[in-house]
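Peer 1: When the letters of the sequence shown are read in order and numbered with mature numbering (1 follows the signal peptide of the UniProt record, and there is no 0), they come out as residues -20 to -1, 1 to 95.
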Amino acid sequence: MKRKIIGVIMIVMLAFAMVACSSKSKDTSEKTTNKTTTTANAGDAQKLFDAKCSSCHGKDLAGNVGPNLQKIGSKYSKDEILNIIKNGKGNGAMPAGLYSGKDADTIATWLSNKK
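1) Going by DSSP in three states, Lys39 sits in which element: helix, strand or coil?
2) Going by beta-carbon coordinates alone, are Ala88 and Ile61 separated by less than 8 angstroms?
3) Per DSSP, which residues does Lys69 bridge with? Please list them.
4) Measure the beta-carbon distance from Ser57 to Ser92 and round it to whole angstroms, keeping in mind my assumption that it falls under 8 angstroms.
5) Once you ignore the five residues that flank Asn14 on each side, which residues in its own chain have a CB closer than 7 angstroms to its CB?
6) Got a sec? Which residues, its chain only, sit under 7 angstroms from Asp85 by beta carbon, not counting five neighbours each side?
7) For Gln26, name the three-state secondary structure that DSSP assigns.
8) Considering Cα atoms alone, identify which of Ile(-10), Met(-8), Cys33 is closest to Asp83.
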């Protein structure tokens, strides 16, 4: 009986985490009218993070439902962070594919500098 209760609690918590971390909005990256591209800066990364990540990791990266990311760059390399962003982690606790392409790379670079 205790196993069933614990199992139900875990499923409810996982469902809550997935809902809290997901975003119904589409990628709102700004489109440029000219053909030149610019290197993303920390401000761009912060905006991207705020849009889809801060609900779980906290606006100040201190953690909430998701783990603290304030010093994540000392634990994972940029490529490892990029892999987590693209493929998720922990049986759906960190959902896959919230960002891809340049946006994922921008966030991974920014987070890898958090040491």
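The C-beta atom is built at its ideal place from N, Cα and C for all residues, glycine as well.
Peer 2: Considering the structure as presented:
1) coil
2) yes
3) Met74
4) So it is a contact: roughly 6 angstroms between Cβ atoms.
5) Only weak support is given to the placement of Asn14: the predicted model assigns it a pLDDT of 35, under 50, and the value that follows is read from those uncertain coordinates. Within the same chain, Asn14 has no close Cβ partners at all.
6) Leu62
7) helix
8) The candidate whose alpha carbon is nearest that of Asp83 is Cys33.
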